[in-house]
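Undergrad: Numbering of the sequence shown is given in numbering that gives the first Met the number 0, commencing with residue 0 and proceeding in unit increments.
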Amino acid sequence: MQPTFKELQHLVILAEECHFARAAQRAFLSQSAFSRSIGALETTLGLRLFDRDSRRVYITADGERILKLARRTLASATDLAREAQLLRDGEVGHLAIGSGPYTSSMLTAPIISAARRSFRNVQFRLDVDHSAALLKRLEDEEIHVFLSDVHEIPASGPWAIERLGSYHSTVLCRAGHALAACGTLDIAQLPQLELASVHIPLPLRQRLAQAWGGGQSQPLPIVFECESVAALRDFVLHSDAVVIAPPALFQHELATGLLTQLAVRQWSPVERNPMRVDLGMVWLADRTPTSAMRMLMDLVRREAGPRLHEVARLLQHPDDAA
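(1) Are I37 and A95 closer than 8 Å when you measure CB to CB?
(2) Nearest-angstrom Cα distance between R300 and A179?
(3) Do you know how far the Cα of S98 is from the Cα of H129?
(4) For G175 and A131, I'd like the C-alpha separation in whole angstroms.
(5) Is the separation between the beta-carbon of V197 and that of P100 shorter than 8 Å?
(6) For Y57, list the residues DSSP reports as bridge partners.
(7) Assign Y57 to one of two classes, buried (16 or more other C-beta atoms within 10 Å of its C-beta) or exposed (fewer than that).
(8) So, are the CB atoms of L184 and A262 less than 8 Å apart?
(9) Residues in the same chain with beta-carbon distance under 6 Å from L231, minus the five sequence neighbours each way, listed in chain order, please.
(10) Of all the options C181, L146, L44 and S31, which has the alpha carbon lying nearest to the alpha carbon of V276?
(11) Taking all protein chains shown into account, do 16 or more other C-beta atoms lie within 10 angstroms of the C-beta of A22, making it buried, or fewer, making it exposed?
(12) Closest by CA to R173, which one among R119, F249 and T107?
(13) Could you pull the start and end residues of the alpha helix (DSSP H) that Q24 belongs to?
(14) For A244, report the span of its beta strand (DSSP E) as first-last.
(15) Can you tell me which of M294, P245, L313 and I110 puts its alpha carbon nearest to the alpha carbon of E302?
(16) Does the structure place the segment 64-76 close enough to the segment 256-275 that three or more beta carbon pairs sit under 8 Å?
(17) Are the beta-carbon atoms belonging to A39 and E6 less than 8 Å from one another?
(18) Mind checking whether Q47 and D61 have CB atoms under 8 Å apart?
(19) Answer with buried or exposed for D139, where buried requires no fewer than 16 other C-beta atoms within 10 angstroms of its C-beta.
(20) Applying the criterion that 16 or more other CB atoms from any shown protein chain within 10 Å of the CB defines a buried residue, is H308 buried or exposed?
(21) If we count the other Cβ atoms within 10 Å of its Cβ and call it buried at 16 or more, is T102 buried or exposed?
(22) Quick one: grab the DSSP three-state call for A321.
(23) Can you tell me whether DSSP reads W282 as helix, strand or coil?
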């Protein structure tokens, strides 16, 4: 048999009071019940922990050694209970989150920043990649949840998908580009341009090819594919490439005149724009989320709508970026 938690508590109380009546009173027990608890502990351990006389109780040398261990055990149990409470409240833990590159800048990173104000002791890790790679990491349990385009994610699988909304990309170029002066672009010009972009899912590639009349066998003229928004920006600023991206990502560059948003004639109204990202939140359906993860997911649900609305507004009103 093992000593019980209550017996260890009674040991500490009696060592502090050195008196059975006072110790029993602190433990909210009768003196006889308290004495039985101490006797049961001594029997379990096979040691005499206290010497008694008519006036007081003296802890033995063996009792002193057991007392140190008991205090350590009780402190550990208290720490365990406190840690469990913090986990239930979402105040501690570790969250590994995945995100598509455009989504990470416009939505995921700002939401994590907002979450940090509530979860001061939660450690966050953000993995940025395209949706197919993120799905593999989720299946390998390297991340807990991810936010990304769901075009390439099968509807059936061990994951759950919650759609959050959509946003569109358009074409942007550096201020000194030949197209910058007119500010407009005909879709027929697209195959002649050098394109820079993050990984474009196959359904979006097909939509884009259909929009400019290219066959499915004709590849997009992408000269620079990268999952880093910063690298895409620098590449476009120092080359004649154009980037396909949401203008909300480049508000500073648009406001300062470093980049120009090109209006694609055939993509107005926005419903005709083929570069639509269908954003979703994806997690393993058979895993119990931590409290911190549940709270973060609720925050995503609250924040996604307003933030995507702002992304759409900047697409339709590029001058607002200034």
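Glycine included, C-beta positions come from ideal geometry on N, C-alpha and C.
TA: Straight from the coordinates:
(1) no
(2) 37 Å
(3) 8 Å
(4) 36 Å
(5) At the C-beta level, V197 and P100 come within 8 Å of one another.
(6) Per DSSP, D50.
(7) Exposed.
(8) Yes. Within cutoff.
(9) So the list reads A195, C225 and V242, once near-sequence residues are dropped.
(10) L146
(11) buried
(12) Measuring C-alpha to C-alpha distances from R173 to each of R119, F249 and T107 identifies F249 as the nearest.
(13) F19 to R25
(14) V241 to A244
(15) I110
(16) no
(17) yes
(18) One point to set straight first is that residue 47 is Arg, not Gln, in the sequence displayed. Yes, the pair counts as a contact, with Cβ atoms nearer than the cut-off.
(19) exposed
(20) H308 sits exposed, since fewer than 16 C-beta atoms from the chains shown fall within 10 Å of its C-beta.
(21) Per the 10 Å Cβ criterion, buried.
(22) Note that A321 has pLDDT 48, beneath the 50 cutoff, so the model's placement of it is unreliable and the number below is only indicative. Reduced to three states, the DSSP call for A321 is coil.
(23) strand
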